[in-house]
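Residue numbers (the UniProt record's numbering), protein chains in the order written: chain A, 1 to 329; chain B, 1 to 280.
As structure tokens, this is what we get:
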């Protein structure tokens, strides 16, 4: 990737904006704002009509306040944690001074994870599950796309497992992880492994199928070129197959990542594994007057992160793909 | 005449269809000398491309076979380089990289890096692409893409250069320009060439021999016409040349009287009485 080709889309974009007439530009900037404002208004009106056992359904203003409160709680918790470690260090230093043979133990902070921590946990889990799924699905998809026999052998399995809901996998994955992942000093939490594998199992399929279809539909002319040159299989895959199927591959990856994110939230709720799903469930069980507002904050954050993940994939595709005309959709 | 360079003997091919095998080609016999320029001409769907693909090794003949320099052809290989109709450049590589892919495969073990670099540049300059070597296919015109396709094939130093309607998708001016380039290159390098064409003028202008094919099914060689016009040939001078016009009218007579193909008007794209898609 040369510097020049990286910057080309930016230049093209600028030319585009120059072409657009001011009226069209205004509506492109204004209409989304109008849409959001109308939505907020309807939300406020609708929320006022709904009374629940936990109080009135939260409108935008309440949700905004709760978002603030969650952020403040996070800040306070972090300060407490820092103080806790400071005290611990002082104590340990004092004991070592008294008794040089004493080996200081570092205790973990016992506080509960905050909303922000839960976001972090969920993001790490979803990315781990998605990357693992991609590492399996892309090579498998290339194999299935290249070989008719492999396709015929794998097809029934793909078709049966593709529509399985994550919640059906979850108990099995939990039991298997408990039985197999046994170690004195585990590198990862069991709950992390369980959530990750559940995500992997559910988001394998779109990438696998799209990659296979992309590979199977390479232009025959390009395959002929490769045959005339007698390219060895690996060179053929590297120079012809992968570049040709990158657009389809990324279509699959984007769908997979979307599914991964949705599956993860559901799995965390059901399994009580740390993450945004657990946060939502805890708030629901908590049943305070703040709960609904906090759940709504989580809903919005989940949506924004899902959107952000999709955009990131699109940028990645633009960066990797030779075809810079990929549409922003 | 010495031993033929390339020999097709009794070549025939059947394609399987739900209604049983479809005999696309039958008993195609052809001997080609080294350095000869042979055109295959015929109506669409007559199996010209199939003949070329069999020589390239992309299709396997059902009957008969192809022998190149005493060795039977049964798989594709760079000694029989193909220039495809729609250029078939890899869109993610620049012109230079497209040629490099071929050169690396063919000369990777015999040339040094520096020699390969010179050889790639040399071939691109041969087809007058020296100024746009580092552009991608999407950034250059159709004629330029076809030039790069030709450079890629020439860079393999093939024993036989196979061209499948190389100029078919180009406008008339670009086509004339490329035909002249091809004649120059052919005069310099003396490649053996088999070219498929629809264009009678192109066939007469470029060829030493024109092989005219009958319509399918069971298409085969109808007539072979020797073109003994002096080289270098000049298209403007030839326009008034009586021999040129005699040859031209012979090909036209073959195509439009002897092998007239009756196709209902307006059904070219829908009805295909000869399963053109399978044969072409």
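Each residue gets a CB set at the ideal place from its N, CA and C atoms; glycine is no exception. None of the values given here were measured: they were computed from a predicted structure.
Item                                                                                                                        : Value
Buried versus exposed call for residue 42(B) [16 or more other C-beta atoms within 10 Å across all chains shown]            : buried
Short CB-CB distance (under 8 Å) between residue 317(A) and chain B                                                         : no
Rounded Cβ spacing between residue 252(B) and residue 200(B) (contact assumed at less than 8 Å)                             : 6 Å
Residues from the segment 80–101 of chain B in contact with chain A, defined by Cβ distance under 7 Å                       : 81, 82, 84, 86, 88, 90, 91, 92, 101
Given 8 Å, three or more beta-carbon pairs between the segment 95–110 of chain A and the segment 45–61 of chain A           : no
Residues bridged to residue 6(B) [DSSP beta-bridge criterion]                                                               : 32(B), 68(B)
8 Å Cβ shell around residue 170(B) - same chain, five flanking residues per side excluded                                   : 142, 143, 146, 178
Three-state secondary structure (DSSP) of residue 3(A)                                                                      : With a pLDDT of 44 at residue 3(A), under the threshold of 50, the predicted position of this residue should be treated as unreliable, and no value is reported.
Exposure of residue 283(A), with buried meaning 16 or more beta-carbon neighbours within 10 Å                               : buried
Per-residue contacts from residue 58(B) into chain A (C-beta, under 8 Å)                                                    : 224, 227, 228
C-beta atoms of residue 38(B) and residue 193(B) nearer than 8 Å                                                            : yes
Own chain, CB closer than 7 Å to residue 135(B), minus 5 neighbours either side, in chain order                             : 94, 95
Cβ pair count under 8 Å reaching 3, the segment 218–232 of chain A against the segment 186–202 of chain A                   : no
Touch test, the segment 109–121 of chain A against the segment 273–290 of chain A, Cβ-Cβ under 8 Å, three pairs minimum     : yes
Residue from 311(A), 249(A), 88(A), 243(A) with nearest C-alpha to residue 204(A)                                           : 249(A)
Rounded straight-line distance, which links the Cα of residue 62(A) to that of residue 30(A)                                : 26 Å
Sequence-distant residues of its chain with Cβ nearer than 8 Å to residue 178(A) (five each side left out)                  : 190
Given residue 190(B) as reference, the closest of 232(B), 220(B), 139(B) once Cα atoms are compared                         : 232(B)
Any chain B beta carbon closer than 8 Å to residue 239(A)                                                                   : yes
C-beta neighbour in chain A for residue 143(B), strict 8 Å                                                                  : no
Where residue 164(A) falls: helix, strand or coil (DSSP)                                                                    : coil
Which of helix, strand or coil DSSP assigns to residue 52(A)                                                                : strand
Reduced DSSP secondary structure (H/G/I, E/B, other) of residue 279(B)                                                      : Because residue 279(B) carries a pLDDT of 41, less than 50, the predicted location of this residue cannot be relied on, and the following value inherits that uncertainty. Residue 279(B): helix per DSSP, three-state reduction.
Residue 5(A) classed as buried or exposed, judged by whether at least 16 other C-beta atoms fall within 10 angstroms        : With a pLDDT of 44 at residue 5(A), under the threshold of 50, the modelled position of this residue cannot be trusted; read the value that follows with caution. Classification of residue 5(A): exposed, given that the 10 Å Cβ count is below 16.
Runs of alpha helix (DSSP H) lying entirely within the segment 161–240 of chain B, each at least 4 residues, in chain order : 172–189, 200–206, 235–238
Residue 211(A) versus residue 78(A): straight-line alpha-carbon distance, rounded                                           : 44 Å
As assigned by DSSP and simplified to three states, the class of residue 41(B)                                              : strand
Sub-8 Å separation of residue 129(B) and residue 148(B) beta-carbons                                                        : yes
Near-chain A residues of the segment 103–130 of chain B - C-beta to any C-beta below 7 Å                                    : 105
As assigned by DSSP and simplified to three states, the class of residue 61(B)                                              : coil
Candidates 146(A), 202(A), 281(A), of which the one nearest residue 244(A) by Cα                                            : 146(A)
Coarse secondary structure for residue 14(B), derived from DSSP in three states                                             : strand
Closer than 8 Å at the beta carbon, the chain A residues around residue 76(B)                                               : 224, 227, 228, 230
Whole runs of the beta strand (DSSP E) within the segment 144–206 of chain A, excluding any shorter than 3 residues         : none
Local Cβ density within 10 Å of residue 232(A), reported as buried at 16 or more and exposed below that                     : exposed
Secondary structure of residue 80(B), DSSP reduced to three states                                                          : strand
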